[in-house]
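Asker: So for the sequence shown, my numbering puts the first residue at 2; every next one is plus one.
This is the structure I want to talk about, given as structure tokens.
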Amino acid sequence: MSEWGVALIAAGSAIAGSVVTGWYSRSAGIRQAEAARHAGDRQADALVESVRLTTQAEARQRSLALRRQTYVEFLGAAEARILTDRTGRGASDDEALLQRALSGVALEGPPEIAAAAHHLVDCLRRHEPPDDLQHAKQAFVSAAQECLHDPTST
């Protein structure tokens, strides 16, 4: 074989080797790019889920804080009314404050808490004995505490 033949065969082999190597390199690069895209998608999904869970937890805490404040206001109004009944001294708007606080509890719920609050107000309006008032108040407090400490309550 002549030198030209050997040179052409060597050049052809080099070109063929470059094409095959280039093809495999291109395929590997495409697979790496695809894997990086999928990894980026999974990372973005994880970040979105983390933000969603954080937002839900913050909303739950705000909701619990609002309920807690509503229950505290109701207890304060009930205590003011109890004190007025016992001493005969109190503000002229005690009944209105109690009714407004009761409405807040009824709105915030849940139904068990609202029922306990209604029962306490009914006891106050019927001028029940102090022991009955204390039991009704304690039933409200227990129900409210259970609601505020139970993560599954709505």
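Note that the Cβ used here is the ideal one computed from N, Cα and C, for glycine as well.
1. Could you say which of 148, 80, 93, 81 lies nearest to residue 109 if we only look at CA atoms?
2. Does DSSP classify residue 120 as helix, strand or coil?
3. Counting beta carbon pairs with one atom in the segment 118-126 and one in the segment 29-45, are three or more of them shorter than 8 Å?
4. With the cut-off set at 9 Å, would you say residue 78 and residue 101 are in Cβ contact?
5. Taking all protein chains shown into account, decide if residue 56 is buried (16 or more other Cβ within 10 angstroms of its Cβ) or exposed.
6. Could you give the DSSP three-state label for residue 90: helix, strand or coil?
7. Quick test of the definition: if touching needs 3 or more C-beta pairs under 8 Å, does the segment 62-69 touch the segment 25-41?
8. Measuring alpha carbon to alpha carbon, tell me which of 19, 62, 106, 129 ends up nearest residue 142.
Answerer: According to the data block:
1. Looking at the Cα atoms, 148 is the closest of the given residues.
2. helix
3. no
4. yes
5. exposed
6. coil
7. The segment 25-41 and the segment 62-69 do not touch, with fewer than three beta-carbon pairs separated by less than 8 Å.
8. 106
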